[in-house]
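Data first, discussion second: the structure below is written as structure tokens.
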Amino acid sequence: MSTKESLKYEVNGTEMTPEEIKTDMTRIYPSKVARKRAKHIMVNKVCDDGCVPEIESNVRTIPGIITQRGCSYAGCKGVVLGPTRDIVNITHGPVGCSFYSWLTRRNQTKPEAETDENFMTYCFTTDMQEEDIVFGGEKKLKACIQEAYDLFKPKAISIFSTCPVGLIGDDVHAVAKEMKEKLGVNVFAFSCEGYKGVSQSAGHHIANNGLFTHIIGLDDTIKKGKYKVNLLGEYNIGGDAFELERIFDKCGITLHSTFSGNSTYDGFANSHTADLNTVMCHRSINYVAEMMEKKYGIPWFKVDFIGAAATAKSLRKIAAYFEDPELIAKVEEVIAEEMPEVEMVMADVKTRCNGKTAALVVGGSRAHHYQELFSEIGMTTLMAGYEFGHRDDYEGRKVIPTIKVDADSRNIEELEVSADEVRYKPRKSAEELAKLKEEGIDWADYVGMMPEMKDGAFVIDDISQYETDYIIENLKPDIFCAGIKEKYAVQKHGIPLKQLHSYDYGGPYAGFKGAVNFYKDIDRMVNSKIWGYSKAPWDLNPELSAAFANS
Amino acid sequence: MLLRHTPTEIKERSALSINPAKTCQPIGAMYAALGVKGCLPHSHGSQGCCAYHRSTLTRHYKEPVMAATSSFTEGSSVFGGQSNLVQAIDNIFTIYNPEVIAVHTTCLSETIGDDLTQITRKAHEEGKVPAGKHIIYASTPSYVGSHVTGFANMVKGMVNCLSEKTEVKNGKMNIIPGYVEPSDMEEIKRIASEMGISTIMFPDTSNVLNGPQTGRYHMFPRGGVSVEDLKSTGDSMATIALGKTASSAAALALETKCGVKCDILDLPIGLHGTDRYVDALRKMACVSVPDSINRDRGQLVDVITDMHQYFYGKKVAIAGDPDQLIALTEFLVSIDMYPVHVVTGTPGKQFEKTILDLTKHLPVKVNVKSHSDLFMLHQWIKNEPVDLLIANTYGKYIARDEDIPFIRYGFPILDRVGHSYFPTVGYKGGLRLVEKILDAILERKDRDAPEENFELVM
């Protein structure tokens, strides 16, 4: 029996169990839909050994359900490759897809010199017209690559396929190969048509495969730096990477390559020479970490830099990995130096936020990570869910062997990876790894979101707009975290929404300074007077006074 | 420099589009559908399109934008999207209970050849459309035209699916406002109402995409043209369609279907454009122009005459949608400004002729291109600098690099508010435009002035 306290809910003055709420929430659906949705809506319950209820995820969204999800292209180009500044990313398709993924994720980047390449402010597309759909777009794509090369002379050009490209059968990979030979720069393509898979997640996988096949491992130069760490699954939204770069630098840890916030092509190409892979967003990039471990012998573990305690814990984990007393001491010194400010703001903000509640439905890791920040200021997460998570993101990697692979997932290629004959170099011996595991380093593992949530909290996968409205009206969270599509609908309900894909215009929220920013933003949002303005004085006090009329 | 790689030297590009000045049809169709009361737009394709369109519209209007999707996966792409759409229609009516579902295609469903007429008929046959509820639809392939074309197609879809002719005239005037802001639609209606004319405006996004905060969320806000009014458009006395690209398709379809005569005008942006709109209303409805409208007009003329010295001879670069650019060009020329670079992403050769015609008497060379992009515009600016740039949000990168005063105008505006609340059409809108132009020019003048020339009074 768990001794943990379970969340209780009061709906319209009566106490309701989470199960009753769940039943009520799905009542409106046609019976088939209700049966399906019930498998995506879990009342959390953590056993003593960490086991949690099985949730259905990474399956098709029901047509007509208003969903938060996007597509494979958005995951591939928008999320993973988009934040790299020196690749010319050409979207092969009609104009829309490229237009919508043009600077809209707030991935910041900072080239070292004014003359360094930065193509992120540009949007490149073949802008396919009807004749290209009818007669095929390969010729136009080739011409585009040539024109892009002539204009910009980039070190790499990549191509992203959109829905119609897959249907008409343009062979983007053959075009890439041909142009690569012709131009002498790296040209590679991604078959990330929007209909692949069931969400953005398919695009992440395709992007990971492409990075691994076409770039990682191309440059064997051994670079300077004592503790060379790659940071995977960090996208420099609102300057998160800048804060992490600052912290790493202060600790004396070399941030070798990032995938892919504030990143470069050369960083990817050389990333296999690092000593360690750390993974922030498990969902978007765990494939690269796994493949690099198999091929190059780089161990990986999950880190989390959202929240001050999480940041400190992750830094200690990295220091423990290198087993160097000097680094361990330095990390402790940095934590000691950074924490007072964080703790001061945390304590102050907590006086006003303690006891308030939050709901988060976003992405495929952020809905997990941000709960820690909320708990640091005394706030409880009533509900959380992922837009495009898989069961392992919810329940932990231990369930991977039991995940059923359906047709939609089978369509996404799994690369056969084996140890590189030349470059495979185990960073630690099996004994060393085992010893470190005993000391607490969870190699290649991720515990998932649910084991770290309270009993009785709702975990909802691929939430619908109907369920979102239901949660707000009945659970009445003090703040909701989601994306731009949800923002204003939630706010019309009279509660604030923090965008956790883009942070609105805020951030950074990672690392120590990021935590301070987040506490302050949440304090401002949940304690603001503005949410009380929607009723006019005459609505609050409708009785009439005849004083003036009589005089 | 944010656009550090844009060279001054212009090389002809035959295939590569860089920094587009347009986007795709479905987003325009979605925007138009939101202007129907109780309507849930539905995107027939994979769900990324719907997500992208909702995100972009939300960022532009800062309001909820709801839409459903057929959520195609690989299977539906191979076997066709019929079952997805029929299932979606059933779910939408059951869960969200809209009055109307407005379905538009995407490049995916268009390419596999899904036939919306046939699929919606099937949905009706299978009893998925409750009594009194409606489905309207439009074909909006992303590889033809632009977002403006999609808007035009969905408005035409409203006529095709709903307009009816009975024997009883309704005494109203149809107004198709064009792809303009909710604030503009409201002002276009207000002018007609000020003249005592009853109108049916379609679509009408006012009170939908600039709604109030009430502490209660309504998926279907109060605004929008009702189904009843849309049906009644076939019984109206006439149609005024504003903006050829966005509105003529629907106006002509209604004329063909129900015999309602139409007058297709440019958007009522600036003095002359508004004059023509007011005059057309006056003539078609046989009414006289009230003093209030004459006063608005007089105020606009007054400010233009008073401030003429700041406009005269100033060079302007503009990018946007064809209907807006045509009206804006005429307006800028009318106040003696020189629109020297004009770029739209929407294809169409007539556009270039119209702009050249409007500017032919200017003492400067005018560059104009349709189906072009902001990269081209930037290169033109590098070669022939301007005093002012008018473009959507993406223009801010050019403005910053080249240090040019900048006014955000058009779609999308992602980083500012105002456009959905304050009109730029009509005389009042003209006044706002003039104010924005003056502010931009004078702010710059103040910023650049040496201390001894820093002025306080005009």
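Chain order of the listed sequences is W and R.
Following our numbering, the numbering of the first sequence begins with 1 at its first residue and continues without gaps.
Following our numbering, the numbering of the second sequence begins with 1001 at its first residue and continues without gaps.
No residue lacks a Cβ here, since even glycine has one placed at the ideal position from N, Cα and C.
{"Asked": "By the 10 Å Cβ neighbour count, where 16 or more other Cβ atoms means buried, how is P31 (chain W) classified, buried or exposed?", "Found": "Pro is not the amino acid found at residue 31 (chain W); the sequence shown has Ser there. S31 (chain W) is exposed by the Cβ-count criterion."}
{"Asked": "Please check if any C-beta of chain W sits within less than 7 Å of the C-beta of L1003 (chain R).", "Found": "yes"}
{"Asked": "List the residues of chain W that M1066 (chain R) touches, going by C-beta distances under 8 Å, in chain order.", "Found": "I66, Q465 and A489"}
{"Asked": "Exposed or buried, which one is S2 (chain W) when buried takes at least 16 other CB atoms within 10 Å?", "Found": "Below a pLDDT of 50, predicted positions are generally treated as unreliable, and S2 (chain W), at 45, falls in that range; the measurement from the model is reported next regardless. Exposed, by the Cβ-count rule."}
{"Asked": "Looking at chain R, is there any beta carbon in it that lies within less than 7 Å of the beta carbon of D539 (chain W)?", "Found": "no"}
{"Asked": "Taking E1063 (chain R) as the query, report the chain W residues whose CB atoms sit under 9 Å from its CB, ordered along the chain.", "Found": "Y488, A489 and K492"}
{"Asked": "Taking 7 Å as the cut-off, decide whether the C-beta atoms of H1042 (chain R) and V1086 (chain R) are in contact.", "Found": "no"}
{"Asked": "Exposed or buried, which one is E293 (chain W) when buried takes at least 16 other CB atoms within 10 Å?", "Found": "buried"}
{"Asked": "Using the three-state DSSP reduction, which class does Y296 (chain W) fall into: helix, strand or coil?", "Found": "helix"}
{"Asked": "Please check if any C-beta of chain W sits within less than 7 Å of the C-beta of R1416 (chain R).", "Found": "no"}
{"Asked": "Please go through the same chain and pick out, in chain order, the residues whose beta-carbon is closer than 7 Å to the beta-carbon of D188 (chain W), but skip the five residues on each side of it.", "Found": "A small fix is needed here, since residue 188 (chain W) is Phe in this sequence, not Asp. Excluding sequence neighbours, F188 (chain W) sits near S158, A176, G210 and H214."}
{"Asked": "So the alpha helix (DSSP H) E130 (chain W) belongs to, where does it begin and stop?", "Found": "E130 to F135"}
{"Asked": "How would you list, in chain order, the residues of chain R whose beta-carbon sits under 9 Å from the beta-carbon of S534 (chain W)?", "Found": "P1212, Q1213, T1214, G1215 and R1216"}
{"Asked": "Tell me where the beta strand (DSSP E) around D1263 (chain R) begins and ends.", "Found": "C1262 to L1265"}
{"Asked": "Name, please, each residue of chain R whose Cβ falls closer than 7 Å to the Cβ of T129 (chain W).", "Found": "Position check: residue 129 (chain W) holds Gln in this sequence, whereas Thr was assumed. Within chain R, the residues near Q129 (chain W) are Y1143."}
{"Asked": "Have a look at P1347 (chain R) and S1370 (chain R) and give me their C-alpha separation to the nearest angstrom.", "Found": "5 Å"}
{"Asked": "Once DSSP output is grouped into helix, strand and coil, what is the label at N1160 (chain R)?", "Found": "helix"}
{"Asked": "Please work out which residues of its chain come closer than 7 Å, Cβ to Cβ, to E413 (chain W), disregarding the five sequence neighbours upstream and downstream, and give them in chain order.", "Found": "N209"}
{"Asked": "Please report the straight-line C-alpha distance between Y296 (chain W) and R1400 (chain R), rounded to a whole angstrom.", "Found": "45 Å"}
{"Asked": "With a threshold of 7 Å between beta-carbons, can S1055 (chain R) be considered close to chain W, or not?", "Found": "yes"}
{"Asked": "Got a sec: is the Cβ-Cβ distance from A38 (chain W) to anything in chain R below 7 Å?", "Found": "no"}
{"Asked": "With a cut-off of 7 Å, does the C-beta of T1058 (chain R) fall near any C-beta of chain W?", "Found": "yes"}
{"Asked": "List the residues that DSSP assigns as beta-bridge partners of Q499 (chain W).", "Found": "W:A482"}
{"Asked": "Which residue or residues does DSSP assign as beta-bridge partners of V443 (chain W)?", "Found": "The sequence as given places Trp at residue 443 (chain W); Val does not occur at that position. Answer is W:F301, bridged to W443 (chain W)."}
{"Asked": "Going by DSSP, what residue range makes up the alpha helix (DSSP H) through P401 (chain W)?", "Found": "First-last for P401 (chain W): undefined, no H or E at that position."}
{"Asked": "Cβ closer than 8 Å: which chain W residues qualify as neighbours of I1092 (chain R)?", "Found": "G64"}
{"Asked": "Can you give me the start and stop residues for the beta strand (DSSP E) that P1041 (chain R) sits inside?", "Found": "C1039 to H1044"}
{"Asked": "Applying the 10 Å Cβ sphere with the 16-neighbour rule, what's the burial state of L544 (chain W)?", "Found": "exposed"}
{"Asked": "Can you give me the start and stop residues for the alpha helix (DSSP H) that L1085 (chain R) sits inside?", "Found": "Q1082 to I1095"}
{"Asked": "When you check each C-beta in the segment 1389-1411 of chain R against every C-beta of chain W, which residues fall closer than 9 Å?", "Found": "Y1394 and Y1397"}
{"Asked": "Identify every residue that forms a DSSP beta bridge with P1020 (chain R).", "Found": "R:D1373"}
{"Asked": "Do C163 (chain W) and G194 (chain W) count as a contact pair if the criterion is CB distance below 7 Å?", "Found": "yes"}
{"Asked": "Establish whether the CB of F99 (chain W) and some CB of chain R are separated by less than 7 Å.", "Found": "yes"}
{"Asked": "The alpha helix (DSSP H) with H205 (chain W) in it runs from where to where?", "Found": "Q200 to H214"}
{"Asked": "Who are the neighbours of R60 (chain W) on chain R, taking C-beta pairs under 7 Å?", "Found": "S1071 and T1073"}
{"Asked": "Just the Cα atoms here: how many angstroms apart are T91 (chain W) and T126 (chain W)?", "Found": "7 Å"}
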